[in-house]
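Residue numbers (the working numbering), protein chains in the order written: chain A, 1 to 352; chain B, 353 to 698.
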């Protein structure tokens, strides 16, 4: 590809330092940190949707905030349109924000309850340049139908809308400055299913009309299947599998991805529940041990997993796929249906 | 009756509640009126505050319109019980209590507003700064911490005792008493405003504004200040009453104001007449009642204001009296999710 990708994150790291008590300081204990995002590399091309899935606490949202420069990265580089945006500050950062907008998870909390719809939606416009109130109102009125809101609700307050209506306001706000990338941070998780579908449809339509790129952060596999082109699976601050959405969801390679997808309920009463489950708890994110993050819970674990970290790498037989697993080839060959519950698979046993 | 076409479904999705969409610069006034109509207690508070303010202005401009006697004018009647000629009675010097209680209005109300207002401005500004820029290991964080420790020092004294001590050291006079109370009053506003800022500044809509590219100062005023304003205004209104009580207490104990004199004041009146409480109770009853009525009126008004300022509780008020017709069936497929929230959902 000749054109640089729209967004390119390279080994992005975000650590949240834990506060040290006086005892820690005197005892000479090193400062500890929560490794929320630990070396994530991901690219988003113009006009495509990258779905980022993972369980709660896996760092998806933190990654979204890093990408939209709402968090300062601890390390790594972030390029937008080939330009390093990691150290934009002040005015330059604020005017860069027209490129990347965010739709937040909480449709209630992310809209200022004191502002009217037109004020909320026009906020990015007015922050980006001198626009009179009349112009702002006009642009908002023109924008509202594109997200499915009637144009004459300009003067209403957010609390007068349902959850879906509020999320549409949020979406209109994100669209108001014609961004090139929208970070959708769990855009539908607070909504009921019918409304989720409406919002997702609207998002897909908008993408088609405007050539937007989305980073769709969610734990809703169905939403990713429906809307995304690329899916990236995150576990404990690291990407473990990236690939085309169809291929990944139908033939997951990484043991965690397999487990994640096996946990998605299937709306078919006759179909037997998948028996593959992983046991154990999510390890702590505070200064994690070396080796694969999934090793303590992985049914396919070998000694190497506990000591050596495997970065994302291409896997033979799976075009476009990158997986962070030492045994990706072996594990990838197993059909999900034949997997046993983790307790029944002896660790390190040859699998076939 | 001839058949007429059914009315066009003109914007049925928007609003069917009368009054709710009255927007524009006068909208707060409209809601204020509605709240007052539906809430008789706030209405009473509002009326009493208006009456007192009007009386204070009148007395200040031309006392003779409301007040039959001057502050130290002999009436020729001593120790008279309340009567038509002397509604609040007279004292042993022959002064008219009613005149003095009314003449004290501008002093007392002015003091209440001045102290609470300056404390709000000073303390509130410092509280905004201390609350908004408080990240540790930054300049703002250092400023914030020093400010808070300073307020802690002030707050560690019992405020009334501190105010009394300052009054004593500054000497007699209204201005000195005001300064003394101010010195103990502003830290509360720092604490109050900072707390409100802290509660609001981590709201998602603040992050959303940041993501939109809004500058920090603008976020502070447009989002933070606007969202904390109503508890602060309510607190301020209630506080005017508290200041009145405190000032009266200080006037009673530290006697910064000479009574009888050219500027009567309720607390000093009570102090001066305390010895006659059992014989001529009206002498302290009426100045005391004046303090009570003023404080009560401000607190009622404060409660009413809270309802006006909060758009969510405002709706409850606006909607309650006007029973809205159920929304007409909506033959509109364009925006299926935009139902106006049903009344019980708010």
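Heads up, the beta-carbon is just placed ideally off N, CA and C, and yes, glycines get one too.
- In the structure shown, the three-state DSSP call for residue 387(B) is helix.
- The beta carbon of residue 216(A) does not come within 8 Å of any beta carbon belonging to chain B, so the residue lies off that interface.
- In the three-state reduction of the DSSP assignment, residue 509(B) falls in the coil class, being assigned neither a helical nor a strand state.
- Within 10 angstroms of the beta-carbon of residue 91(A) lie fewer than 16 other beta-carbons, which makes it exposed.
- Between residue 561(B) and chain A, the shortest Cβ-Cβ separation is below 8 Å.
- With fewer than 16 other CB atoms across the displayed protein chains lying within 10 angstroms of its CB, residue 406(B) is exposed.
- For residue 14(A), the uninterrupted beta strand (DSSP E) run begins and ends at 7-17, by DSSP.
- With respect to residue 561(B), residue 101(A) sits apart: the two C-beta atoms are not nearer than 8 Å.
- Bridge partners of residue 35(A) according to DSSP: 15(A).
- Nearest neighbour of residue 471(B) by Cα position, chosen from 650(B), 592(B), 608(B) and 559(B), turns out to be 592(B).
- Judged by beta-carbon spacing, residue 141(A) lies beyond the 8 Å limit of residue 126(A), meaning their Cβ atoms are not closer than that value.
- Under a criterion of Cβ atoms nearer than 7 Å, the residues of chain A adjacent to residue 555(B) are, in order, 109.
- By the C-beta density criterion, residue 636(B) is buried, having at least 16 other C-beta atoms within 10 angstroms.
- Nearest C-alpha to residue 289(A) among 104(A), 7(A) and 236(A): 236(A).
- A distance below 7 Å between beta-carbons, with the five flanking residues on each side excluded, links residue 73(A) to the following residues of its chain, in chain order: 12, 13, 14, 66 and 86.
- Spatial neighbours of residue 220(A) in its own chain (CB-CB distance under 7 Å, excluding positions within 5 residues in sequence) are listed in chain order as 188 and 189.
- Around the C-beta of residue 554(B), fewer than 16 other C-beta atoms lie within 10 Å, and the residue is accordingly described as exposed.
- Listed along the chain, the chain B residues whose CB falls inside 8 Å of the CB of residue 78(A) amount to none; the nearest CB is some 15 Å away.
- Look at residue 285(A) here: in three-state DSSP terms it is coil, with no helix or strand label.
- Of all alpha-carbon atoms in 505(B), 422(B) and 448(B), the one lying nearest the alpha-carbon of residue 436(B) is that of 448(B).
- By the neighbour-count criterion, in which 16 or more other beta carbons inside 10 Å mark a residue as buried, residue 201(A) falls on the exposed side.
- Shown here, residue 191(A) sits in coil according to DSSP, grouped into three states, outside any helix or strand.
- For residue 112(A), the three-state secondary structure derived from DSSP is coil.
- Per DSSP, reduced to three states, the secondary structure at residue 313(A) is strand.
- For residue 124(A), the uninterrupted alpha helix (DSSP H) segment begins and ends at 123-128.
- Residue contact with chain B for residue 102(A): present (Cβ-Cβ distance below 8 Å to some residue of chain B).
- The beta carbon of residue 564(B) falls within 8 Å of a beta carbon belonging to chain A, placing the residue at that interface.
- The three-state reading of DSSP puts residue 472(B) in helix, counting H, G and I together.
- Considering only 518(B), 516(B), 490(B) and 504(B), the residue with the shortest C-alpha distance to residue 542(B) is 504(B).
- Taking a Cβ-Cβ threshold of 8 Å, the residues of chain B close to residue 70(A) are 559, 562 and 563, in chain order.
- Measuring C-alpha to C-alpha distances from residue 254(A) to each of 205(A), 224(A), 314(A) and 325(A) identifies 325(A) as the nearest.
- Leaving aside the five residues that flank residue 113(A) on each side, the residues in its chain whose CB is nearer than 8 Å to its CB run, in chain order, 157, 158 and 159.
- Beyond the five residues adjoining it in sequence on each side, residue 589(B) comes within less than 7 Å, by CB distance, of 650, 653, 654 and 657 in the same chain, given in chain order.
- Non-local beta-carbon contacts of residue 195(A) in its own chain, meaning distances under 7 Å to residues more than five positions away in sequence, involve 163 and 164 in chain order.
- By the neighbour-count criterion, in which a residue is buried when 16 or more other Cβ atoms sit within 10 angstroms of its Cβ, residue 167(A) is buried.
- Against residue 575(B), the close residues of chain A are 112, 114 and 115, in the order they occur along the chain (beta-carbon pairs closer than 9 Å).
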